[in-house]
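Engineer:
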Amino acid sequence: MPILFRYLLQLFVQGFLKVLGIFVALFFMLDGAEQIRRFGGQDHVQWQDLVELIALRMPLFFVQFLPAIALLTTLFVVTRLTRLNELTVIRAGGVSLMRILIPFILGGMIVSGTQVILLDQVVPRTNALAKQMERHFSSPQNDSRQGELTSKAQELRNNLWIRDRGRILHARQAYSGEGLLLDVTLFQFTPGHDLTERLDARKAVRQGDQWILHDGQRHTFNPKETQSTPFKEHAIRMHLNDEQLIRVTPQPSELSLQALWQHANRLVREGYDATPYWVTLYRKMADPITTLAAILLAFPFALRLHRMGGTFRSMIAGFVTGFVMFVVVDLFTALGLGERLPPLLSAAAPVLFFISIGIFLLLHLEEDVPI
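So for the sequence shown, UniProt numbering puts the first residue at 1; every next one is plus one.
Here is the structure:
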């Protein structure tokens with residue numbers, strides 16, 4: 001690895017850690033004041049609990065503002081190189097701006113990789129724990145009762161209805177822990193929504209990836225006749241797990257990428273609206289690319305800004321640009337959640353927009369920036 005490459009990468013990492021430290025300090029002050037206002041008067045809430053709550057909320061804040069942090073880091077580092085004439089010396093040695101950009105992109109890829117891990121594994125868990133703590137702080141007695149009710153709900157559910165592709169299942173009682181359904185009725189439909197079959201059974205027991213219906217009647221329907229056949233056992237394949245039996249609806253922010261994909265497909269299969277889950281899934285997949293787009297946008301932007309007013313203007317422009325990026329991403333996400341845009345487009349459009357601007361500035365930069 002060339003010395004210049006290591007030097008620029010080191011500057012980026014050091015600058016990133018400094019900007020991150022500033023954001024973390026601001027988060028602790030602002031969110032800490034908010035949590036003290038909300039729960040500081042509760043007798044059962046200790047200051048250690050508040051610190052733990054703030055720490056649990058931090059990963060979500062971190063991943064949301066990573067594009068802005070990466071953008072500010074690039075602005076500050078490039079402005080420093082220009083102000084100290086280091087960039088002039090580097091370019092005088094025959095190094096192009098594209099080669100100077102490579103260490104910044106590599107640093108952004110490291111940040112984006114960390115962002116993927118946080119979004120997939122850390123943030124869902126910390127979000128769930130933070131919400132659990134907030135419920136406990138607000139009403140510890142109700143939280144305890146809610147836990148008891150949830151435990152009972154996981155064992156038994158009455159009057160269950162589930163849609164699975166061309167089927168509709170009804171059970172008078174469902175025991176999730178035992179994989180048992182009582183008084184089962186299963187309707188089978190064609191793609192044109194014509195009823196072709198009805199199964200009535202005393203119970204259904206899960207065995208592996210199948211459900212075995214016991215002591216029932218099978219009714220088949222066609223334009224010519226209707227047939228009814230009794231059975232002792234009848235095996236069917238259905239995508240039915242414990243989560244569906246107890247009808248748990250987790251929040252999108254509490255699910256990993258794989259869990260979001262599975263839950264969204266399950267909702268579509270059952271005929272429910274899965275838009276929030278698709279939007280969240282595509283947003284999580286696009287956020288790391290947004291961080292890289294922020295670096296690609298900030299690099300040529302910083303070179304232009306230095307000639308227009310120096311470090312202070314670069315700082316102001318960095319904060320404004322970061323805020324604009326945050327607003328644009330949030331706006332498109334809201335349009336996706338409101339079904340004004342397809343989920344994939346709502347996640348991809350801001351990224352493509354920022355990348356396009358960054359590439360445009362880069363292509364028109366070589367001739368404008370003097371050595």
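Think of the CB as a built atom: it goes at the ideal place given N, C-alpha and C, for glycine as much as any other residue. This one's a predicted model, so the numbers in the text were calculated from it and none came from an experiment.
#1: With a threshold of 16 other CB atoms inside 10 Å of the CB of Phe12, please say whether the residue is buried or exposed.
#2: Give me the DSSP bridge partner(s) of residue 372.
#3: Hey, how far is the Cα of Gly322 from the Cα of Ala347?
#4: Within the continuous alpha helix (DSSP H) that includes Leu66, where are the two ends?
#5: Just to confirm before moving on: does the CB-CB distance between Ala130 and Arg57 stay below 7 Å?
#6: Between which residues of its own chain and Thr220 is the CB-CB distance below 6 Å, once the five residues before and five after are set aside?
#7: Could you please give me the residues that DSSP links to Thr226 through a beta bridge?
#8: Pick from His44, Gln42, Ala33: whose alpha carbon is nearest that of Ile54?
#9: Alpha carbons only, please: which of Arg266, Val268, Val19, Leu260 is nearest the one belonging to Asp120?
#10: Using 8 Å as the Cβ pair cut-off and three pairs as the minimum, do the stretch 330-340 and the stretch 73-88 touch?
#11: Could you tell me the alpha carbon to alpha carbon distance between Arg6 and Val89, rounded to whole angstroms?
#12: DSSP on Thr333, reduced to helix/strand/coil?
#13: Classify Trp211: buried if its beta carbon has 16 or more other beta carbons within 10 angstroms, exposed otherwise.
#14: Please tell me whether Val78 and Ala293 are closer than 7 Å, where the distance is taken between their beta carbons.
#15: Taking the beta carbon of Glu367 as the centre, do at least 16 other beta carbons fall within 10 Å, making it buried, or is it exposed?
#16: Buried or exposed for Arg167, going by 16 or more other Cβ atoms inside 10 Å?
#17: Identify whether Gln146 lies in helix, strand or coil by the three-state DSSP scheme.
#18: DSSP on Asp49, reduced to helix/strand/coil?
#19: On the DSSP letters alone, give me the boundaries of the beta strand (DSSP E) that Met184 sits inside.
#20: Only counting the same chain, and skipping five residues up and downstream in sequence, which positions put a Cβ closer than 7 Å to that of Phe61?
#21: Shortest alpha-carbon distance to Arg163 belongs to which of Ile36, Ile289, Arg266, Pro59?
Structural biologist: Considering the structure as presented:
#1: What you label residue 12 is simply residue 12 of the sequence shown in a count that begins at 1. Buried.
#2: Nothing about residue 372 can be read from this structure; the chain reaches only from 1 to 371.
#3: Counting from 1 along the sequence shown, the entry for residue 322 is found at position 322. Counting from 1 along the sequence shown, the entry for residue 347 is found at position 347. The alpha-carbon atoms of Gly322 and Ala347 are separated by roughly 17 Å.
#4: To locate residue 66, count along the sequence shown from 1; it is residue 66. Per DSSP, Leu66 belongs to the alpha helix (DSSP H) from 66-83.
#5: Locating residue 130 in the sequence shown gives position 130, where the first residue counts as 1. Locating residue 57 in the sequence shown gives position 57, where the first residue counts as 1. Yes, the pair counts as a contact, with Cβ atoms nearer than the cut-off.
#6: As a first step, residue 220 must be located in the sequence shown, where it is residue number 220. Counting only Cβ-Cβ distances below 6 Å, and skipping sequence neighbours, we find Glu197, Gln227.
#7: Position 226 of the sequence shown, counting from 1, holds the residue named residue 226. Looking at the DSSP assignment, Thr226 forms a beta bridge with Phe221.
#8: Your numbering for residue 54 matches position 54 in the sequence shown. Checking every option, the nearest Cα to that of Ile54 belongs to Ala33.
#9: Taking the first residue of the sequence shown as 1, we reach residue 120 at position 120. That would be Leu260, whose Cα lies nearest to the Cα of Asp120.
#10: no
#11: Your numbering for residue 6 matches position 6 in the sequence shown. Your numbering for residue 89 matches position 89 in the sequence shown. Between Arg6 and Val89, the C-alpha separation is close to 16 Å.
#12: On the sequence shown, position 333 is the one that residue 333 refers to. DSSP places Thr333 in helix when its eight states are reduced to three.
#13: Residue mapping note: residue 211 aligns to position 211 of the sequence shown, counting from 1. Buried, because 16 or more other Cβ atoms sit within 10 Å of the Cβ of Trp211.
#14: Within the sequence shown, the letter at position 78 stands for residue 78. Within the sequence shown, the letter at position 293 stands for residue 293. Going by C-beta atoms, Val78 is not nearer than 7 Å to Ala293.
#15: As a first step, residue 367 must be located in the sequence shown, where it is residue number 367. Annotation note: pLDDT 48 at Glu367 (below 50); position unreliable, no value reported.
#16: For the purposes of this step, residue 167 is taken as the residue at position 167 of the sequence shown. Label assigned to Arg167: buried.
#17: For the purposes of this step, residue 146 is identified with residue 146 of the sequence shown, where counting begins at 1. Reliability fails at Gln146, whose pLDDT of 48 lies under 50, so the model's placement of it is uncertain and no value is given.
#18: Residue 49 sits at position 49 when you count from the first residue of the sequence shown. Asp49 falls in the helix class under three-state DSSP.
#19: On the sequence shown, position 184 is the one that residue 184 refers to. Per the sequence shown, residue 184 should be read as Val rather than Met. Element bounds for Val184: 180-189.
#20: Locating residue 61 in the sequence shown gives position 61, where the first residue counts as 1. The answer, listed in chain order, is Phe27.
#21: Stepping through the sequence shown from its first residue, residue 163 is reached at position 163. When each option's Cα is compared against that of Arg163, the closest is Arg266.
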